[in-house]
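S.K.: First, the structure itself, so that you have it in front of you.
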């Protein structure tokens, strides 16, 4: 989907959400104040935060859609992550404020006065929020917008919240038991939890997180489908917004390939990954595999057994032995859960050095970047 089309859908969907939420805010606030219902008023506040979130989503989409320039050659897509942080701040503020007000109502209770109009409006709000939530979520998935998907989920949460308010009203009318303030506490906690979940997801986007396992494995399968590739390692993906992900990967090839053959292979790999996964591989690094010496094959096998024999070692790759220079190189991936990765790395280095004392070893302690 073209960036302009994506931006247009996000803006249009957000505007629909804003209009719907503003109408709900107006009705719920009026009804809540008239009925002296803290739960309905807080439900209105929750809808107001949704409307503000939609406004910020539009602003973020507009800023993220700006063309790349000399200062920002990779575009402005990460503005969406910043707008998400602003939304998180609004949601958490609303949740904490609502919690304080609800606790005050528990300490100093006031009797609510429900009418049939009140119940009808709250019931209608439940239906509207369910419809809105499903619509916004579907549009979010269509354009791969985390903000819209989150807004859709939030709308469905709102429907559940409004339903709980309606249930509290019916219980009061039927039994005289006032649960208003307690429902307000539950609503506040739900809002705060939603804000914390959004914060966690947004921080992952900003800090950089492990690529989705299916995506990573799919990219590696695509790369390994090239006839000249013997293995694919060290996949790194960096997101510059929903529309641009740039990657790097290492591939292993036979040591007799020429520069022109490697160039042709690299271009094939980049084109295939872009076509199948919509990801630009900026770098395709090369590992050379010895193919003409049985002695090297035996050395590789022996060193692999020693390295992989240690608990915590996930992978060994990029092995190359230069018999003339008496130098052996390879990479080690050690599990992040290993108590002391550096100590294990040194231990393995000592073991392989003892195995081949006449050789110099260049061992890279690699990171477990992807599945």
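Residue numbers (the numbering used here): 16 to 386. No residue lacks a Cβ here, since even glycine has one placed at the ideal position from N, Cα and C. Treat the numbers as computed from the prediction; the structure is a model and nothing was measured.
How is residue 194 classed by DSSP in three states: helix, strand or coil?
M.R.: Note: residue 194 maps to coil in three-state DSSP.
S.K.: Can you pull the DSSP bridge partners for residue 121?
M.R.: DSSP, once it has assigned bridges, lists no residue as partnering residue 121.
S.K.: Quick check for students: name the residue ranges of the alpha helix (DSSP H) that lie wholly in the region 248–302, counting only runs of 4 or more.
M.R.: List check, alpha helix (DSSP H) in window: 274–292.
S.K.: In the DSSP assignment, find the unbroken alpha helix (DSSP H) run with residue 233 in it and report its ends.
M.R.: From DSSP, the alpha helix (DSSP H) with residue 233 extends over 228–239.
S.K.: So residue 151 and residue 47 are supposed to be a Cβ contact under 8 Å. How far apart are they, rounded?
M.R.: Wrong, their Cβ atoms sit about 24 Å apart, outside the cutoff.
S.K.: Helix or strand or just coil, what does DSSP make of residue 387?
M.R.: There is simply no residue 387 to check, as the chain begins at 16 and stops at 386 in what is shown.
S.K.: Give the single residue among 223, 138, 219, 213 whose Cα lies nearest to the Cα of residue 185.
M.R.: When each option's Cα is compared against that of residue 185, the closest is 138.
S.K.: What residue range is occupied by the uninterrupted alpha helix (DSSP H) comprising residue 149?
M.R.: First-last of the alpha helix (DSSP H) with residue 149: 131–158.
S.K.: Buried or exposed: which applies to residue 222, given that a residue is buried once 16 or more other Cβ atoms fall within 10 Å of its Cβ?
M.R.: Exposed, because fewer than 16 other Cβ atoms sit within 10 Å of the Cβ of residue 222.
S.K.: Out of 55, 245, 206, which has the shortest C-alpha to C-alpha gap to residue 130?
M.R.: The residue with the shortest Cα to Cα distance from residue 130 is 55.
S.K.: Secondary structure at residue 173, three-state DSSP: helix, strand or coil?
M.R.: DSSP places residue 173 in helix when its eight states are reduced to three.
S.K.: Do you know whose CA, among 293, 241, 381, lies nearest residue 262's CA?
M.R.: Cα-wise, what sits closest to residue 262 is 293.
S.K.: Do three or more CB pairs link the region 91–107 to the region 73–83 at distances below 8 Å?
M.R.: In short, these stretches touch, since the Cβ pair count reaches three.
S.K.: Are the CB atoms of residue 200 and residue 39 within a distance shorter than 8 Å?
M.R.: In this structure, residue 200 does not lie closer than 8 Å to residue 39 by Cβ.
S.K.: So does the region 354–374 actually touch the region 274–292, counting three or more Cβ pairs closer than 8 Å?
M.R.: Taking 8 Å as the limit for Cβ pairs, the verdict is that the region 274–292 does not touch the region 354–374.
S.K.: My assumption, with CB atoms under 8 Å, is that residue 174 sits in contact with residue 141. Please give the rounded CB distance.
M.R.: Correct: roughly 5 Å between the Cβ atoms.
S.K.: Going by beta-carbon coordinates alone, are residue 342 and residue 377 separated by less than 8 Å?
M.R.: Cβ distance < 8 Å, so residue 342 and residue 377 count as in contact.
S.K.: One question on the structure: do residue 72 and residue 154 come within less than 8 Å of each other, judged by their Cβ atoms?
M.R.: Taking 8 Å as the Cβ cut-off, residue 72 and residue 154 do not qualify as a contacting pair.
S.K.: Flag this pair as yes or no: are the beta carbons of residue 204 and residue 114 separated by less than 8 Å?
M.R.: Yes, Cβ-Cβ distance for residue 204 and residue 114 is below 8 Å.
S.K.: Going by beta carbon distance, what residues of the same chain come within less than 6 Å of residue 145, once the five residues before and after it are set aside?
M.R.: Closer than 6 Å at the Cβ level, and outside the excluded window around residue 145, lie 174.
S.K.: When the distance is taken between beta carbons, is residue 333 closer than 8 Å to residue 316?
M.R.: No; because the gap between Cβ atoms is not below 8 Å, this pair is not in contact.
S.K.: Using a 10 Å radius around the Cβ and a threshold of 16 neighbouring Cβ atoms, would you call residue 307 buried or exposed?
M.R.: Looking at its Cβ environment, which holds fewer than 16 other Cβ atoms inside 10 Å, residue 307 is exposed.
S.K.: Assess, as a yes-or-no matter, whether the region 219–235 is touched by the region 243–252 under the definition of 3 or more beta carbon pairs within less than 8 Å.
M.R.: Yes, since at least three Cβ pairs between the region 243–252 and the region 219–235 fall closer than 8 Å, the two stretches touch.
S.K.: Alpha carbon to alpha carbon, what distance is there between residue 283 and residue 339?
M.R.: Those two C-alpha atoms are separated by around 33 Å.
S.K.: Name the two residues that bound the continuous alpha helix (DSSP H) containing residue 320.
M.R.: 309–323 is the extent of the alpha helix (DSSP H) around residue 320.
S.K.: Using 8 Å as the threshold, is the C-beta distance between residue 59 and residue 49 below it?
M.R.: It is not a contact, given that the beta carbons lie outside the stated cut-off.
S.K.: What's the call for residue 362, buried or exposed, on a 16-neighbour Cβ count within 10 Å?
M.R.: Under this definition residue 362 is an exposed residue.
S.K.: How long is the line joining the alpha carbons of residue 160 and residue 331, rounded to whole angstroms?
M.R.: Spanning the two alpha carbons is a distance of roughly 37 Å.
S.K.: Is it buried or exposed for residue 267, if we count other Cβ within 10 angstroms and need 16 for buried?
M.R.: Looking at its Cβ environment, which holds 16 or more other Cβ atoms inside 10 Å, residue 267 is buried.
S.K.: Expressed to the nearest angstrom, what Euclidean distance is found between the alpha-carbon atoms of residue 109 and residue 102?
M.R.: In a straight line, the C-alpha of residue 109 is about 11 Å away from that of residue 102.
S.K.: Taking C-beta to C-beta, are residue 21 and residue 258 nearer than 8 Å?
M.R.: Taking 8 Å as the Cβ cut-off, residue 21 and residue 258 qualify as a contacting pair.
S.K.: List the endpoints of the continuous alpha helix (DSSP H) containing residue 368.
M.R.: Residue 368 -> alpha helix (DSSP H) spans 356–370.
S.K.: Buried or exposed: which applies to residue 65, given that a residue is buried once 16 or more other Cβ atoms fall within 10 Å of its Cβ?
M.R.: Per the 10 Å Cβ criterion, buried.
S.K.: Look at the alpha carbon of residue 242 and the alpha carbon of residue 295, and state the distance between them as a whole number of angstroms.
M.R.: Computed Cα separation, rounded: 20 Å.
S.K.: To the nearest angstrom, report how far apart residue 112 and residue 132 are at their CA atoms.
M.R.: Going by the C-alpha atoms only, they are around 27 Å apart.
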